[in-house]
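Just so we're aligned, residue 4 is where the sequence shown starts under the numbering used here, counting upward by one. Working notes for the structure below.
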Amino acid sequence: MNTKVALLGAIEIISSLGCGILILLLTYRLITIYGQKVLAINHGNTAYNILITGVLFSVGYVVSGVIQPIIDAFRLLSDTNISTAQLILQFVGYGGLYIAIAYISSIIISMIGVYTYTYMTPLDELKEIKNNNIGVGLTVSIIIVVLALMTKGGIILLVESLVPYPDLPPK
Numbered sequence: 004m005n006t007k008v009a010l011l012g013a014i015e016i017i018s019s020l021g022c023g024i025l026i027l028l029l030t031y032r033l034i035t036i037y038g039q040k041v042l043a044i045n046h047g048n049t050a051y052n053i054l055i056t057g058v059l060f061s062v063g064y065v066v067s068g069v070i071q072p073i074i075d076a077f078r079l080l081s082d083t084n085i086s087t088a089q090l091i092l093q094f095v096g097y098g099g100l101y102i103a104i105a106y107i108s109s110i111i112i113s114m115i116g117v118y119t120y121t122y123m124t125p126l127d128e129l130k131e132i133k134n135n136n137i138g139v140g141l142t143v144s145i146i147i148v149v150l151a152l153m154t155k156g157g158i159i160l161l162v163e164s165l166v167p168y169p170d171l172p173p174k
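Next up, the structure:
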């Protein structure tokens, strides 16, 4: 058994689960606080729950794309002559940066999705969701998911541009 690969796999599983749970909890908390405080929407509102589902899926989908760049950075850093403590600090630093970029991007994408619906129709989507209009909740959620599907590649490319790949010698 290749212990280095096994360790890398274990690190990937643990960090992915931990990060995924943290991001979903944070996102859910932010959305519910916004819904309760600003929009005065409660948990019994089906349209609002559909919107939350779309946002959670989109955020999770976009952020999941940065796992491979984080692993690539870890592999590159582990091949250098740095101490274990430095390796862990750099791994956490790069991972945190990559996740922050993906998370902020996915939140922006979700907000753009909400405002896209406003632009497309004369309806006030947040008022309609507050009134439990399930059709509006579904439509806004689908817009958010589609935007996440379409932009994930660009976000991953942006994050991969930050991976500390070694410089190749000139030809």
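Ideal Cβ positions, reconstructed from N, Cα and C, are used throughout, including at glycine. The structure displayed is predicted, hence computed values, not measured ones.
Go ahead and pull the three-state DSSP assignment for residue i.
i: MET123; result: helix
i: ASN135; result: coil
i: TYR168; result: coil
i: ILE85; result: coil
i: ALA103; result: helix
i: ALA43; result: coil
Go ahead and label residue i buried or exposed: buried means 16 or more other beta carbons lie within 10 angstroms of its beta carbon, across all protein chains shown.
i: LEU29; result: exposed
i: VAL139; result: buried
i: TYR120; result: buried
i: VAL8; result: exposed
i: SER68; result: For the record, residue 68 in the displayed sequence is Gly; it is not Ser. Buried: at least 16 other Cβ atoms inside 10 Å.
i: LEU54; result: buried
i: TYR37; result: exposed
i: ASN5; result: exposed
i: ASN45; result: exposed
i: ALA13; result: exposed
i: LEU41; result: In the sequence under discussion, the amino acid at residue 41 is Val, which differs from the Leu named in the question. Exposed, because fewer than 16 other Cβ atoms sit within 10 Å of the Cβ of VAL41.
i: ALA88; result: exposed
Spatial neighbours of residue i within its chain, please: C-beta separation below 7 angstroms, excluding the five flanking residues on both sides.
i: SER61; result: SER109, ILE112, SER113, ILE147, VAL148 and ALA151
i: GLU128; result: VAL117, TYR120, THR121, VAL139 and VAL143
i: ALA50; result: ILE132, ASN135, ASN136, ILE137, VAL139 and GLY140
Regarding residue i and the ligand MN, is the C-beta to nearest heavy atom distance less than 7 angstroms?
i: LEU126; result: Because no ligand of any kind appears in the structure shown, any question about the ligand MN cannot be addressed here.
Identify, in the order they occur along the chain, each residue of the same chain with its Cβ nearer than 8 angstroms to the Cβ of residue i, setting aside the five sequence neighbours on each side.
i: TYR122; result: none
i: LEU80; result: LEU90, GLN93, PHE94, TYR97 and PRO167
i: ILE26; result: VAL62, GLY63, VAL66, ILE102 and TYR106
i: THR56; result: SER144
i: ALA43; result: LYS133
i: LEU100; result: LEU165
Quick check on the DSSP output: the alpha helix (DSSP H) that includes residue i runs from which residue to which?
i: THR30; result: 6 to 40
i: GLY63; result: 49 to 67
i: ALA76; result: 70 to 81
Give every residue of the same chain whose Cβ lies closer than 6 angstroms to the Cβ of residue i, excluding the five residues on either side of it in the sequence, and list them in chain order.
i: LYS155; result: VAL65 and GLY68
i: GLU163; result: PRO72
i: ASN84; result: none
i: LEU11; result: none
i: THR35; result: none
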